Each structure stands twice: as C-alpha cells, then as structure tokens.
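Engineer: In my numbering, the protein residues as written are 84 to 364.
Next up is a structure, given as structure tokens.
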C-alpha cells in the first residue's frame with residue numbers, strides 16, 4: 084500500500100493491504116507521513132480505513148514472526164513497535180515535513196482549500212495515531228508475545244534507557260525542575276495499559292520497579308506527583324493510570340512503597356494529598 088501515492092489507491096473493498104518487509108511496516112516517519120497524505124487527499128475517514136487494514140495485517144502475524152530474534156541484542160518486532168510509539172512525539176514535525184507546501188502556508192489558518200477535509204489534520208489525526216499504534220502494540224503483546232522473549236529482549240538493553248522510554252510513554256517526562264509540565268506520553272492512558280500488558284508478559288522488574296530520574300522517584304511517584312499537585316486536572320485517561328498505580332502497589336515491596344524522592348515525599352503522601360483535595364471539593 085505505502086508504495087502508492089494516496090491519490091492512486093483504490094477505494095472501498097478493492098483496497099488490499101500487502102507489505103514486503105516489517106521494517107517499513109513499522110517505520111514512524113513513513114507511517115505518520117503517509118497518514119498525513121491520506122488525510123490531505125482523502126480525508127481522515129479514508130486514512131482510518133487504510134490504517135484499519137494496517138492493524139489487521141500486523142495482528143495477523145504469527146507468534147513466530149512476532150517473537151523472531153532480529154539481531155544479536157535479542158530484539159524482536161516488539162522493539163520496532165516501541166520505536167514507532169516514540170515517533171508519535173514528533174508527529175507534528177513529521178506531518179509538516181510531509182507537506183511540500185508547508186513553508187508557504189498561512190500558519191493556524193482555519194481553511195485549507197487543498198485538503199479534503201479543508202483543515203490541517205492536527206490533533207484529531209494525532210489522537211487517531213496514538214490510539215491505532217498503541218492499541219495495536221498492546222494487542223500484539225497480549226496475543227502473541229512470548230514471556231521468555233519479552234524478558235530476554237529487554238534484559239540486554241540499558242536499564243536506565245528502557246526505564247526512561249517506558250516511563251515517558253506512561254506519564255511523560257518533566258521539564259526542568261517542575262513535575263507539572265510533562266511531554267511524550269501516549270494519550271488516553273494507553274501507556275499505562277501497555278506497561279501492564281508488558282509486566283504480565285515478563286518485562287524485567289528492573290524496567291518498572293526501583294527509582295530513577297531527576298527526582299529519584301519510583302514509577303508510582305512519577306505518576307502520582309503531578310496528579311496530587313493539581314487534582315482538578317484529572318482526565319478520563321487518568322483512570323488507566325490509576326489502575327496501573329494499584330497494579331504496581333500490589334507488586335512493590337514495603338521499602339519501595341515508602342521510598343522518599345528528592346522532595347521527601349513518598350507515594351502514600353501523594354495519594355493522601357490527592358484524596359484530601361478531592362474531599363475538599
């Protein structure tokens with residue numbers, strides 16, 4: 084499919100998805116750029132129909148294909164999925180790069196005559212890509228990932244780098260010394276759903292337990308501190324993060340639950356602060 088310009092693709096039931104290699108099938112620059120072109124030439128509904136075929140193609144892969152070792156580090160298809168999810172953080176830049184007319188456009192215009200839907204496919208298409216890429220990865224982990232292979236593929240990676248990447252997908256990373264501004268998380272709580280699926284499939288404990296980062300906090304604190312600071316900012320997607328907090332608390336030791344970050348706070352303190360603020364409202 085991705086070999087054809089969007090305007091040359093057949094419509095409806097005539098469209099068949101095929102691919103020659105998995106590397107192209109999970110390349111963030113290729114996929115996000117192509118999604119943008121589909122929106123431009125056929126609208127977001129057309130883009131969604133094409134990517135539903137992409138999802139079906141990946142979920143139809145055999146367990147052997149999903150768990151096949153690709154290099155001496157033990158990487159599998161799952162590692163490619165993570166590169167794809169990290170690429171979502173650059174989605175806006177990749178869409179602009181895919182538009183040859185971007186430099187000449189009036190920024191933040193309400194009307195784009197050369198787009199099928201007459202508007203720039205910004206937040207709406209990014210929402211769709213987050214749901215599509217992350218949901219596909221979660222289902223792939225749940226249905227096809229082999230626990231032994233998951234453990235081995237992550238065990239040989241730098242644990243601090245893995246921690247940084249996984250925690251960012253769940254909650255984002257803070258800017259400077261403030262925990263209140265975070266960036267890079269998967270939307271709709273999908274990062275939390277993904278991490279729970281991975282832990283259930285053998286993700287090494289060093290990737291999700293322990294403490295790390297500029298605040299020397301653990302993942303419970305990393306999630307709860309921003310919510311406790313501004314409890315009124317609770318969003319529906321935070322329900323998945325709340326579920327992850329319970330999931331982690333059941334698996335943490337007492338020492339981990341009582342770990343103090345650089346601000347002297349423990350996870351229980353953030354939970355108490357959040358509940359007190361809600362009770363006051």
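Just so you know, even glycine gets a beta-carbon here, dropped at the ideal spot from N, CA and C.
Here the structure is a predicted model, which means the values were calculated and not measured.
Please report the distance separating the alpha-carbon of residue 357 from that of residue 210.
Structural biologist: The residue labelled residue 357 in the question sits at position 274 within the chain shown. The residue labelled residue 210 in the question sits at position 127 within the chain shown. If I take the Cα positions, the gap works out to 28 Å.
Engineer: In this structure, how does DSSP classify residue 353 when only helix, strand and coil are distinguished?
Structural biologist: Translated into the one-based positions of the chain shown, residue 353 becomes position 270. Residue state, collapsed to three classes: helix.
Engineer: Taking Cβ to Cβ, would you say residue 213 is nearer than 8 Å to residue 271?
Structural biologist: Working through the chain shown from its first residue, we reach residue 213 at position 130. Working through the chain shown from its first residue, we reach residue 271 at position 188. Cβ distance < 8 Å, so residue 213 and residue 271 count as in contact.
Engineer: Relative to the alpha-carbon of residue 131, which residue among 208, 291, 339 has its alpha-carbon at the smallest distance?
Structural biologist: Indexing the chain shown from 1 puts residue 131 at position 48. The shortest Cα separation from residue 131 among 208, 291, 339 belongs to 208.
Engineer: For residue 304 and residue 248, which I take to be in contact (beta-carbon distance under 8 Å), what is that distance rounded to the nearest angstrom?
Structural biologist: Counting from 1 along the chain shown, the entry for residue 304 is found at position 221. Counting from 1 along the chain shown, the entry for residue 248 is found at position 165. Not confirmed; about 18 Å, so no contact.
Engineer: With DSSP as the reference, label residue 321 as helix, strand or coil.
Structural biologist: Working through the chain shown from its first residue, we reach residue 321 at position 238. Note: residue 321 maps to helix in three-state DSSP.
Engineer: Any idea if residue 246 is buried or exposed, counting beta-carbon neighbours within 10 angstroms, 16 or more meaning buried?
Structural biologist: As a working mapping, residue 246 is identified with position 163 in the chain shown. Burial call: buried.
Engineer: Beta-carbon within less than 8 Å of residue 202's beta-carbon, same chain only, minus the 5 sequence neighbours each way: which residues are those?
Structural biologist: Stepping through the chain shown from its first residue, residue 202 is reached at position 119. Once the five neighbours on either side are set aside, the close Cβ partners of residue 202 are 193, 194, 195.
Engineer: Leaving out five residues on either side along the sequence, give the residues of the same chain with a beta carbon under 6 Å from the beta carbon of residue 122.
Structural biologist: One-based indexing of the chain shown puts residue 122 at position 39. Once the five neighbours on either side are set aside, the close Cβ partners of residue 122 are 130, 204, 208.
Engineer: Verify whether the separation of the beta carbon atoms of residue 233 and residue 161 is less than 8 Å.
Structural biologist: The residue given as residue 233 occupies position 150 in the chain shown. The residue given as residue 161 occupies position 78 in the chain shown. Yes, the pair counts as a contact, with Cβ atoms nearer than the cut-off.
Engineer: Hey, how far is the Cα of residue 137 from the Cα of residue 106?
Structural biologist: Counted from its first residue, the chain shown places residue 137 at position 54. Counted from its first residue, the chain shown places residue 106 at position 23. Residue 137 and residue 106: Cα-Cα distance of roughly 13 Å.
Engineer: How many angstroms separate the CA atom of residue 351 from the CA atom of residue 199?
Structural biologist: One-based indexing of the chain shown puts residue 351 at position 268. One-based indexing of the chain shown puts residue 199 at position 116. About 51 Å.
Engineer: Determine the closest residue to residue 100 out of 238, 148, 141, 149, with distance taken between C-alpha atoms.
Structural biologist: Position 17 of the chain shown, counted from the start, is the residue given in the question as residue 100. The candidate whose alpha carbon is nearest that of residue 100 is 141.
Engineer: Apply the 10 Å Cβ neighbour rule to residue 185 and answer buried if 16 or more other Cβ atoms are within range, or exposed otherwise.
Structural biologist: Stepping through the chain shown from its first residue, residue 185 is reached at position 102. Under this definition residue 185 is an exposed residue.
Engineer: Could you give the residue range of the alpha helix (DSSP H) that holds residue 223?
Structural biologist: As a first step, residue 223 must be located in the chain shown, where it is residue number 140. Per DSSP, residue 223 belongs to the alpha helix (DSSP H) from 206-227.
Engineer: Pick helix, strand or coil for residue 300, following the three-state DSSP scheme.
Structural biologist: Walking along the chain shown from the start, residue 300 turns up at place 217. Looking at residue 300 - three-state DSSP - the assignment turns out to be strand.
Engineer: Identify which residue in 225, 126, 267 has its Cα closest to the Cα of residue 166.
Structural biologist: Counting from one through the chain shown, the residue named residue 166 turns up at place 83. Selected option, being the one with the closest Cα: 267.
Engineer: Buried or exposed: where does residue 345 fall if 16 or more other Cβ atoms within 10 Å of its Cβ makes it buried?
Structural biologist: For the purposes of this step, residue 345 is taken as the residue at position 262 of the chain shown. Exposed, because fewer than 16 other Cβ atoms sit within 10 Å of the Cβ of residue 345.
Engineer: List, from N- to C-terminal side, the alpha helix (DSSP H) runs of 4 residues or more that fit wholly inside the segment 148-178.
Structural biologist: Qualifying alpha helix (DSSP H) stretches, in chain order: 160-170.
Engineer: Note down, in chain order, each residue of its chain lying with its Cβ closer than 7 Å to the Cβ of residue 220, except the 5 sequence neighbours on either side.
Structural biologist: Here residue 220 is taken as the residue at index 137 of the chain shown, counted from 1. Around residue 220: 164, 168, 277.
Engineer: Have a look at the DSSP bridge pairing and note the partners of residue 295.
Structural biologist: Along the chain shown, one-based indexing puts residue 295 at 212. Its beta-bridge partners are 300.
Engineer: Could you tell me how far apart the beta carbons of residue 289 and residue 242 are, in whole angstroms, since I believe they sit closer than 8 Å?
Structural biologist: In the chain shown, the residue the question calls residue 289 occupies position 206. In the chain shown, the residue the question calls residue 242 occupies position 159. Yes, residue 289 and residue 242 are in contact; Cβ-Cβ is about 5 Å, under 8 Å.
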